[in-house]
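Note sheet for the following structure.
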């Protein structure tokens, strides 16, 4: 099945970003832990090969002039270089993953690969799926994993209709995101582009309970934890951001049920302010819920996608490039939920964690992923920012602050 349309402005912008800043890889992916006997590499390659005909995300890539590229179909990508294995020493999984995430993707054809990691623990193995953001967004990546290791067509959000009011709200927010924030451009500590990564893991039910009383979602609680953690961090390490609202974008899925396996990017950026100026977790949570309420509405999802698709590619990319200037840089956030269990043969997937990339001159990007009762959050930040490597611990500790008086 080939894509039903030409690349959209988001696809072309991602492709241009990959070309314009080649030292910053657009690699995203997921780590799956499975309980059971380790499959052979040949068996895993056969399994993937059997799915190629129904997964355009595995058989397409962009090629052609910058901002005018088109989808190229490769029905038989080389699985010898895309499905590989690595023997990991006992206790060495995290170090092996750090190395894999940093490796280049295949440099010709569809930009993805799948790694079988074994030897790090008895009775288990790990699969690491990596892909370029030029051909996958977060939901597209999840849907690829559903097709490979779940078998069922994934759910899609309820579709709405764009309205004049939703267009007006979205345009105001998009234009407002282009104003100079002057938070992350401290001349004494310029961002270097070197990345620091970390993880946090908590009960999804705990996040849900924290947010439910205020009418929010588990992701609202996750964003409130981020606000609380960044308030603490800026107080200690970053005076330019101390007690301020921090410009943030949340990724809004616009994929329909018919587009579950379409390659490329069918999401849009929704700007919000992370309420780091408020002193307590509960106040921050209430502010996050208010900020994300309209973003979750089906009409706003439709509006954001329509705006993205109707904007000329060059204009869209020019606006996106403005957001990568230090004086306008934002915090990037994504959330992906897995609602169904995954497996490979008789081996169930016991945990899933996703990882993301960090755009040029941005301070921090996170992706939260919920699966089987656990929410895992991946943090990637610019290594020049002092103490920000400790953010996963601060994020986790924020849950203990719910209902507590300000420090």
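In the UniProt record's numbering, the protein residues as written are 1 to 407. Backbone N, C-alpha and C define an ideal beta-carbon position, used for all residues, glycine too.
Asked: For residue 217, I'd like the list of residues in its chain whose CB is within less than 7 Å of its CB, leaving aside the five on either flank, ordered along the chain.; Found: 211
Asked: Between residue 303 and residue 220, is the Cβ-Cβ spacing less than 8 Å?; Found: no
Asked: In this structure, does DSSP put residue 273 in helix, strand or coil?; Found: strand
Asked: Going by DSSP in three states, residue 85 sits in which element: helix, strand or coil?; Found: strand
Asked: Where does residue 176 sit, in a helix, a strand or coil, going by DSSP?; Found: helix
Asked: Just the C-alpha distance for residue 118 and residue 323, rounded to the nearest angstrom, thanks.; Found: 40 Å
Asked: Checking 8 Å against the spacing of the C-beta atoms, do residue 358 and residue 149 come in under that value?; Found: no
Asked: Specify the secondary structure class of residue 387 as computed by DSSP and reduced to three states.; Found: coil
Asked: Are the CB atoms of residue 254 and residue 270 nearer to each other than 8 Å?; Found: no
Asked: Go through the stretch 351 to 399 residue by residue and report every complete run of the alpha helix (DSSP H) that reaches 4 residues or more, in order.; Found: 391 to 398
Asked: Looking at the unbroken beta strand (DSSP E) that takes in residue 240, where does it start and where does it end?; Found: First-last for residue 240: undefined, no H or E at that position.
Asked: Provide the residue(s) that pair with residue 268 in DSSP beta bridges, ordered along the chain.; Found: 252
Asked: Mark residue 72 as exposed unless 16 or more other C-beta atoms lie within 10 angstroms of its C-beta, in which case mark it buried.; Found: exposed
Asked: Select from 352, 301, 320 the residue whose C-alpha is nearest the C-alpha of residue 141.; Found: 352
Asked: For residue 104, does the three-state DSSP call read helix, strand or coil?; Found: coil
Asked: Is it right to say residue 378 is buried, meaning 16 or more other beta carbons lie within 10 angstroms of its own, or is it exposed?; Found: buried
Asked: Would you report the Cα separation of residue 227 and residue 176, rounded to the nearest angstrom?; Found: 20 Å
Asked: My guess is that residue 67 and residue 26 are in contact by the Cβ rule of under 8 Å, so how many angstroms apart are they, rounded?; Found: Between residue 26 and residue 67 the Cβ distance is about 16 Å, and since that is not below 8 Å, they are no contact.
Asked: Which residues share a DSSP beta bridge with residue 348?; Found: 343
Asked: Using DSSP with H/G/I as helix, E/B as strand and the rest coil, what is residue 332?; Found: strand
Asked: Can you tell me which of the three DSSP states residue 26 falls into?; Found: coil
Asked: Taking the alpha carbon of residue 174 as the reference point, which residue from 395, 319, 363, 366 has its own alpha carbon closest?; Found: 319
Asked: Please return the same chain residues whose Cβ sits closer than 8 Å to the Cβ of residue 233, not counting the five positions on each side in sequence.; Found: 387, 388, 390, 391, 394
Asked: Start and end of the alpha helix (DSSP H) containing residue 288?; Found: 281 to 296
Asked: Is the beta carbon of residue 246 closer than 8 Å to that of residue 331?; Found: yes
Asked: DSSP beta-bridge partners for residue 408?; Found: Because the chain in this structure spans residues 1 to 407, residue 408 falls outside the shown range and cannot be described.
Asked: Please give me, in chain order, every unbroken run of the beta strand (DSSP E) with length at least 3 that falls completely inside the stretch 159 to 227.; Found: 195 to 203
Asked: Can we say the stretch 55 to 64 touches the stretch 122 to 141, given the rule of at least three CB pairs closer than 8 Å?; Found: yes
Asked: Enumerate in chain order the residues of its own chain whose CB-to-CB distance from residue 84 is below 8 Å, with the five nearest sequence positions on each side excluded.; Found: 41, 113, 114, 115, 116
Asked: Report the rounded CA-to-CA distance for residue 371 versus residue 143, giving the unit in angstroms.; Found: 14 Å
Asked: Please name the residue in 188, 225, 193, 163 whose C-alpha comes closest to that of residue 201.; Found: 225
Asked: What are the boundary residues of the alpha helix (DSSP H) that includes residue 47?; Found: 41 to 49
Asked: Measuring straight from C-alpha to C-alpha, what distance separates residue 399 and residue 375?; Found: 13 Å
Asked: Could you tell me the distance, in whole angstroms, from the CA atom of residue 208 to the CA atom of residue 127?; Found: 28 Å
Asked: Look at the Cβ atom of residue 299, then the Cβ atom of residue 82, and state whether they are nearer than 8 Å.; Found: no
Asked: Going straight from the alpha carbon of residue 47 to that of residue 344, what length do you get?; Found: 9 Å
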